[in-house]
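Asks: Have a look at this one before I ask anything.
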């Protein structure tokens, strides 16, 4: 997720003033079954033909009017999409079949949301707290964890967060006045062992952002927006990054994203990475080993923030957007679709079945 423009922020990268190749040898990956689109791309590459990057156009599916839309998460059990409007304190619930969308006001900045093992409960990250959001009550209920005051108080907030394959949470935290002032942190949390609280994975990282997992290769990918880097970490069986000394994680390699600053992140069934290039009109699909841009999804205007696969066949790429508060023409932009929820149907590409859910018990 991305903080909008504020004092000390990187110009042109961060959005609202209020809100706020070094390679290491690794074991061969288990065999996966490539898609038809992947076979076609490889055939062109082997033949020596020029592999142009194909582009798919995304369309507006709901005019959600988000000032800082983020964290789209699909729940296949109920065929719904959850996402947040960070600065407006909202968790949105969207049904693509009926186009119904309602929101729950969490009372403070709400940076991320994810399904849990209970269909009627979500987990959301607020400024300092990780909370349960009850869909029946349409309210926040249990506080699962709170960041220690010694890690910063009023000038910090949670950023992107997701559940690992085991249900443990991986959470990024950022400085409100921008990463140029203070670096962020990366935490883990297992709500089944709530008494243990937040564990620090990385004590210092400029702007921790989108994350996703390849369970077959035991990898977690994590975006760092400022340096345009995707870190590739080895994980344990639970999907939690392996520690390698104090304040370090076992890094397999890292990718530099030349086309822009990586924000939200998801993975497809072929293991390729789909990255929202912050505040641009592009979602890029990248090879997870080389960083090569394979294809892209184009939006009708800048403002991309995050993406995830969903739909009955997991072949719809849902995309959240940002509408800058500092934009003098903000209302016109929002009316024109900026800050809306978009969807793209990318031929031959599907997401990974079974979105990871936060384990509550």
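Numbering (UniProt numbering), first residue to last: 1 to 361.
All C-beta atoms, glycine included, are put in the ideal place defined by N, C-alpha and C.
Going by C-alpha distance, which of 143, 121, 275 is nearest residue 363?
Replies: Within the shown structure, residues of the chain are numbered from 1 to 361, placing residue 363 beyond reach of any answer.
Asks: Measure the C-alpha to C-alpha separation of residue 63 and residue 341 and round it to an integer number of angstroms.
Replies: Between residue 63 and residue 341, the C-alpha separation is close to 6 Å.
Asks: Roughly how many whole angstroms lie between the Cα atoms of residue 10 and residue 182?
Replies: With a pLDDT of only 37 at residue 10, under 50, the local geometry of the prediction cannot be trusted, and the value read off the model is given with reservation. Between residue 10 and residue 182, the C-alpha separation is close to 12 Å.
Asks: Quick one, which of 89, 94, 194, 283 has its alpha-carbon nearest residue 54's?
Replies: For residue 54, the nearest C-alpha among the options comes from 283.
Asks: Taking the alpha-carbon of residue 176 as reference, which of 269, 165, 167, 155 has the nearest alpha-carbon?
Replies: Nearest of 269, 165, 167, 155 to residue 176, Cα basis: 155.
Asks: Judging by CA-CA distance, which residue of 195, 167, 84 is the nearest neighbour of residue 105?
Replies: Residue 105 has its Cα closest to that of 84, out of 195, 167, 84.
Asks: Measuring straight from C-alpha to C-alpha, what distance separates residue 294 and residue 265?
Replies: Using only the alpha carbons, I get a separation of about 15 Å.
Asks: Is the distance from the Cβ of residue 353 to the Cβ of residue 299 below 8 Å?
Replies: Not closer than 8 Å, so no.
Asks: Determine which residues share a DSSP beta bridge with residue 104 and list them.
Replies: Looking at the DSSP assignment, residue 104 forms a beta bridge with 91.
Asks: In angstroms, rounded to a whole number, what distance separates the CA positions of residue 163 and residue 171?
Replies: The alpha-carbon atoms of residue 163 and residue 171 are separated by roughly 9 Å.
Asks: Give the secondary structure of residue 192 by DSSP, where H, G and I count as helix, E and B as strand, and everything else as coil.
Replies: Reduced to three states, the DSSP call for residue 192 is helix.
Asks: Helix, strand or coil: which one does DSSP assign to residue 296?
Replies: Looking at residue 296 - three-state DSSP - the assignment turns out to be strand.
Asks: Does residue 86 come out as helix, strand or coil in the three-state DSSP assignment?
Replies: If DSSP states are grouped into helix, strand and coil, residue 86 belongs with the helices.
Asks: Below 8 Å on the Cβ atoms is my guess for residue 316 versus residue 343; work out the distance and round it to an integer in Å.
Replies: That pair is a contact at about 5 Å.
Asks: Taking all protein chains shown into account, decide if residue 241 is buried (16 or more other Cβ within 10 angstroms of its Cβ) or exposed.
Replies: Buried, because 16 or more other Cβ atoms sit within 10 Å of the Cβ of residue 241.
Asks: Please say whether residue 272 and residue 261 have beta carbons closer to each other than 8 Å?
Replies: Result no, Cβ atoms of residue 261 and residue 272 do not sit closer than 8 Å.
Asks: What is the rounded straight-line gap between the Cα of residue 194 and the Cα of residue 131?
Replies: One C-alpha to the other measures close to 12 Å.
Asks: Do residue 321 and residue 66 have their C-beta atoms within less than 8 Å of each other?
Replies: Going by C-beta atoms, residue 321 is nearer than 8 Å to residue 66.
Asks: According to DSSP, simplified to helix, strand and coil, what is residue 149?
Replies: Helix at residue 149.
Asks: Quick check: what's the CA-CA separation for residue 160 versus residue 52?
Replies: Roughly 32 Å between the two C-alpha positions.
Asks: To which residues does DSSP link residue 211 through a beta bridge?
Replies: Residue 211 is bridged to 222.
Asks: Can you tell me which of 133, 128, 227, 58 puts its alpha carbon nearest to the alpha carbon of residue 187?
Replies: Out of 133, 128, 227, 58, 128 has the C-alpha closest to the C-alpha of residue 187.
Asks: Starting from the Cα of residue 169, find the closest Cα among 123, 248, 109 and give me that residue.
Replies: Nearest C-alpha to residue 169: 123.
Asks: Between residue 255 and residue 71, what straight-line distance do the alpha-carbon atoms span, to the nearest angstrom?
Replies: Roughly 22 Å separates the two Cα atoms.
Asks: Would you say residue 130 reaches chain C, if we count a Cβ-Cβ gap shorter than 8 Å as a contact?
Replies: Annotation note: the requested chain C is absent from the structure, which comprises a single protein chain.
Asks: What does a CB cutoff of less than 6 Å around residue 33 pick up in its chain, not counting 5 residues either side in sequence?
Replies: At residue 33, the pLDDT of 48 sits below 50, so the modelled position is not reliable; the number obtained from the coordinates is stated separately. Within the same chain, residue 33 has no close Cβ partners at all.
Asks: Here's the rule I'm using: 16 or more other beta-carbon atoms within 10 Å means buried, otherwise exposed. How should residue 238 be labelled?
Replies: By the 10 Å Cβ count, residue 238 comes out exposed.
Asks: Across which residues does DSSP place residue 162 in a beta bridge pair?
Replies: Paired residues: 170.
Asks: For residue 112, count neighbouring Cβ atoms within 10 angstroms of its own Cβ and tell me buried if that reaches 16, exposed if not.
Replies: It is buried - the Cβ of residue 112 has at least 16 other Cβ atoms within 10 Å.
Asks: Using 7 Å as the cut-off, classify the Cβ of residue 85 as near or not near the heavy atoms of the ligand GDP, replying yes or no.
Replies: What this structure holds is no ligand at all, so the ligand GDP is not there to describe.
Asks: Whole angstroms is fine: what's the gap from residue 277's alpha carbon to residue 258's?
Replies: Approximately 10 Å between the Cα atoms of the pair.
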